[in-house]
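Undergrad: Mind having a look at this structure? Questions to follow.
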Amino acid sequence: CLAHCTGKLEPVSRDIIIRYYYGEERVKIESRRALAESLNITMNALTIRACRIRDKLEACVGKCAN
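Heads up, the sequence shown is in our numbering, so the first residue is 151 and it goes up one at a time.
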């Protein structure tokens, strides 16, 4: 279901959420900083965007699993 729902996201949203969760510990922090820079937004704005995308994914996966 997760793969199906991720595939239904807009390409930009899919790229953001995949890059947002890439890596572990320090790599993840640096990756998020670079992602925010590439989008010309603050880290806080990136966190909010990722939260909204995650909410969409959770809703889709919930529907798919039932």
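Positions of the beta carbon are idealized from the N, C-alpha and C atoms, including for glycine.
Keep in mind it's a predicted model, so treat the numbers as computed, not measured.
#1: Quick check on DSSP: helix, strand or coil for residue 194?
#2: Taking 8 Å as the cut-off, decide whether the C-beta atoms of residue 214 and residue 155 are in contact.
#3: Using the rule of at least 16 other Cβ atoms within 10 Å of the residue's Cβ for burial, across every protein chain shown, is residue 207 buried or exposed?
#4: Identify whether residue 170 lies in helix, strand or coil by the three-state DSSP scheme.
TA: Looking at the atomic coordinates:
#1: As a first step, residue 194 is located in the sequence shown; it is residue number 44 there, counting from the start. Of the three classes helix, strand and coil, the one that applies to residue 194 here is helix, per DSSP.
#2: Within the sequence shown, numbered from 1, the residue matching residue 214 stands at position 64. Within the sequence shown, numbered from 1, the residue matching residue 155 stands at position 5. Their beta carbons are under 8 Å apart, which means residue 214 touches residue 155 by this criterion.
#3: Here residue 207 is taken as the residue at index 57 of the sequence shown, counted from 1. Residue 207 is buried by the Cβ-count criterion.
#4: As a first step, residue 170 is located in the sequence shown; it is residue number 20 there, counting from the start. DSSP places residue 170 in helix when its eight states are reduced to three.
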